[in-house]
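Positions 62 to 314 (our numbering) are the ones given, in order, by the sequence shown.
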Amino acid sequence: MHHSARTVLWLAFFAAIIVSWWMMYAMATQMGLNWYGAQVGMMDMAGMPSMSNLAMLVPMWAIMMIAMMGPTFVNTMITYEALMRSANGTWGGLIGLVVGYFIVWISFGVLIALMQEGLMRIGWLDMFGQSTQLSATAALLVLVGWFQFTWIKQVCHGVCHAPMQYFLGNWRAGTWGGSRMGLGLGIYCVVCCWGYMALGFVGGSMNLLWMGLATVLMVFEKLPQVAHYIMRPVGVVLIAAGLAVAGRAVGVW
Numbered sequence: 062m063h064h065s066a067r068t069v070l071w072l073a074f075f076a077a078i079i080v081s082w083w084m085m086y087a088m089a090t091q092m093g094l095n096w097y098g099a100q101v102g103m104m105d106m107a108g109m110p111s112m113s114n115l116a117m118l119v120p121m122w123a124i125m126m127i128a129m130m131g132p133t134f135v136n137t138m139i140t141y142e143a144l145m146r147s148a149n150g151t152w153g154g155l156i157g158l159v160v161g162y163f164i165v166w167i168s169f170g171v172l173i174a175l176m177q178e179g180l181m182r183i184g185w186l187d188m189f190g191q192s193t194q195l196s197a198t199a200a201l202l203v204l205v206g207w208f209q210f211t212w213i214k215q216v217c218h219g220v221c222h223a224p225m226q227y228f229l230g231n232w233r234a235g236t237w238g239g240s241r242m243g244l245g246l247g248i249y250c251v252v253c254c255w256g257y258m259a260l261g262f263v264g265g266s267m268n269l270l271w272m273g274l275a276t277v278l279m280v281f282e283k284l285p286q287v288a289h290y291i292m293r294p295v296g297v298v299l300i301a302a303g304l305a306v307a308g309r310a311v312g313v314w
């Protein structure tokens, strides 16, 4: 691919991320929320489905998957691009890789939307996607923190932050081959990072600051230079936060 076409491809990828964050901001603004999820204005929901409606939740989470997981995939894309010079990788394969990866994450987004809709119906989440139950909030924080120390987290994280090993063991040529590898990487990544997405129910799924922080943590976890220095400390912080919330739930403070 000509250098200018390569530039267009990368610009399109980053443009999709930027547009997705802008759309999330626009949705939050229309709901009268500021960037950290506090209601500061009147809700303008004219022409919009209710937040408890899947017609609103599914597109919202699909956009969120692109906004949050796109930045975490840059290292993997760069690794694949490097293999074009030493293996039979193609630009079609790179596009397929990205498509396969986001098919998995958007599918996961649909599952989260279904979960949010159900939890809102029983009153466990408010209309902004934030937990109304301190005990559930505490349990989720502790669960996600504990998961940071598990064997399955270690395995999936190893694939996510060092994709070269995955490519060497699962290489498939062409666009379809790239798609298959993208699907596989997406599955590993969902298992590795599901907890950060679930924490959206703690801070509020429309809390851009909270979801932005989750994005930064996931990006750092995929950087080989720093990944192993933050994963377990994050787990400790989450468990401590969960215990603090649990103490509040039972009236300790």
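Note that CB positions come from ideal geometry on N, CA and C, so glycine has one too. No experiment lies behind these values; they were computed from the predicted model shown.
How far does the alpha helix (DSSP H) with residue i in it extend, from its first residue to its last?
i, result
"S65", "64-91"
"R233", "First-last for R233: undefined, no H or E at that position."
"G264", "261-264"
"N136", "135-144"
"T211", "No alpha helix (DSSP H) holds T211; DSSP gives it neither H nor E."
State the beta-bridge partners of residue i as determined by DSSP.
i, result
"Q100", "L94"
"S192", "L186"
In its own chain, which residues sit with a C-beta less than 6 Å from the C-beta of residue i, not counting the 5 before and 5 after it?
i, result
"K214", "F208"
"R233", "R241, M242"
"M181", "S113"
"C254", "M279"
"G264", "W271"
Residue i CB to nearest chain C CB: under 9 Å?
i, result
"G131", "Of the chains in the structure shown, none is chain C; there is only one protein chain."
Among the candidates the options, whose CA atom is the shortest distance from the CA of residue i?
i, options, result
"M130", "A89, M92, I79, V119", "I79"
"I156", "M181, W71, A148, M88", "W71"
"F228", "H289, I139, V263, L201", "I139"
"V216", "A174, V252, G153", "V252"
"L158", "L269, G296, A128, W237", "W237"
"G296", "L201, A66, G261", "L201"
"V135", "L204, P285, W314", "P285"
Going by beta carbon distance, what residues of the same chain come within less than 8 Å of residue i, once the five residues before and after it are set aside?
i, result
"M292", "Q209, K214, H218, E282"
"L244", "G161, Y162, I164, V165"
"L115", "A174, L175, E178"
"V298", "G206"
Can you name, in chain order, every residue of its own chain whose Cβ lies under 7 Å from the Cβ of residue i, other than the five neighbours on each side?
i, result
"G150", "Y141, L144"
"P132", "I78, T276, V280"
"A302", "L202"
Could you check whether the segment 267-278 touches the segment 172-187, counting it as contact only if at least three pairs of C-beta atoms, one from each stretch, sit closer than 8 Å? no
Under 8 Å: do the segment 121-141 and the segment 169-179 share three or more Cβ pairs, one atom per stretch? yes
Below 8 Å, how does it come out for the segment 304-311 and the segment 195-203: are there three or more Cβ pairs, yes or no? yes
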